[in-house]
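In the working numbering, the protein residues as written are 151 to 492.
So, in structure tokens, the structure goes:
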């Protein structure tokens, strides 16, 4: 028997950064995101040899250890090991023996929430294997606990919930890890129009989101008033963009998205850089309405919103850079798992 699972990556449409503590604990955060047909995958094979074997196929990394109650967090596949440690601890289980294989359609640092989505996919595989009594909120919170508390990686809360629930969601974040996921019932024609009006561009610029997020955490300090106001604007814009999407008011959506990107850059000097600005300006000059980085910024994937008749102009204009375009479609299904025969 083999257990398989997958969880979808997400595009951060609005509000990103307001889901990061301590901002959301003090002021409350709101994020609009949507999952796409790029995934993190996990394959789990139960073993009977008292071994734990972990393979990150796309990263060419592996870890083989004796089965035990706690695997060492030492910089090698810590997220994978962290899920196992948390599962054993929370459910008071005896040591398990298994082989775990993972890979993703986008690398870490892409701005699509790939690291958190991978954690969700791994948790989902254990839920399927062990028949754990976890609902969607439980899975997302457990994944958050592994990544942010156990491993200590800086970041927000939206990625785990987006990957677990799937679809278009307006997610609210409050203190004490209180999260409310509001699934949006968007007319199919509006989803089609948004998808048709978008280009997803991999800038080819790698970045570490944790560094940017650590910088953004400091905006709650009294001497960071301008950055704090920028984050307030980002949160407020998420309400406007949500309403525009629900009503199909794309002129309002695109204009607000443009203001939101400017505000995003006001939260940290590391959100953008000269290379990203060159890409953005070339896209605008060739016909894009607006654009923004998905995720913390600094690199990774850029979302461009374009008149469908001018898509080819934008594509041709960006061919001079080192990135590339990625085809995508929005998907409504979140993390899922199943058993298959070897």
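By construction, the Cβ of each residue, glycine as well, lies at the ideal position given by its N, Cα and C atoms.
- With a minimum length of 4 residues, the unbroken runs of alpha helix (DSSP H) contained wholly in the region 266 to 343 fall at 286 to 294, 308 to 315.
- Excluding residues up to 5 positions away in sequence, 212, 251 lie with their Cβ nearer than 6 Å to the Cβ of residue 205 in the same chain.
- The beta-carbon separation of residue 403 and residue 394, rounded to 4 Å, stays under the 8 Å limit for a contact.
- In the three-state reduction of the DSSP assignment, residue 471 falls in the coil class.
- For residue 250, the enclosing beta strand (DSSP E) covers residues 248 to 254.
- For residue 456, the enclosing beta strand (DSSP E) has its first and last residue at 451 to 456.
- Excluding residues up to 5 positions away in sequence, 167, 168, 173, 369, 417 lie with their Cβ nearer than 7 Å to the Cβ of residue 381 in the same chain.
- Taking the CA atoms as reference points, residue 386 sits about 15 Å from residue 376.
- When the Cα atoms are used, residue 304 and residue 456 turn out to be separated by approximately 33 Å.
- Non-local C-beta neighbours of residue 203 in its own chain, meaning closer than 6 Å and more than five positions away in sequence, comprise 214, 249, ordered along the chain.
- When secondary structure is reduced to three states using DSSP, residue 419 falls in the coil class, being assigned neither helix nor strand.
- Of the other Cβ atoms in all chains shown, fewer than 16 fall within 10 Å of the Cβ of residue 479; this residue is therefore exposed.
- Taking the C-beta atoms as reference points, residue 218 is found nearer than 8 Å to residue 245.
- Within the same chain, Cβ atoms closer than 6 Å to the Cβ of residue 415 are found at 421, 422, the five residues on either side in sequence being excluded.
- Going by DSSP, residue 153 is part of the beta strand (DSSP E) stretching over 152 to 164.
- One thing to note: residue 444 has its Cβ within 8 Å of the Cβ of residue 161.
- In this chain, the beta strand (DSSP E) harbouring residue 190 covers 179 to 196.
- Taking a contact as a CB-CB distance under 8 Å, the pair residue 299 and residue 273 does not count as one, their CB atoms being some 14 Å apart.
- Fewer than three beta-carbon pairs drawn from the region 175 to 184 and the region 229 to 236 are found closer than 8 Å, and the two stretches are therefore not classed as touching.
- Spatial neighbours of residue 240 in its own chain (CB-CB distance under 8 Å, excluding positions within 5 residues in sequence) are listed in chain order as 292.
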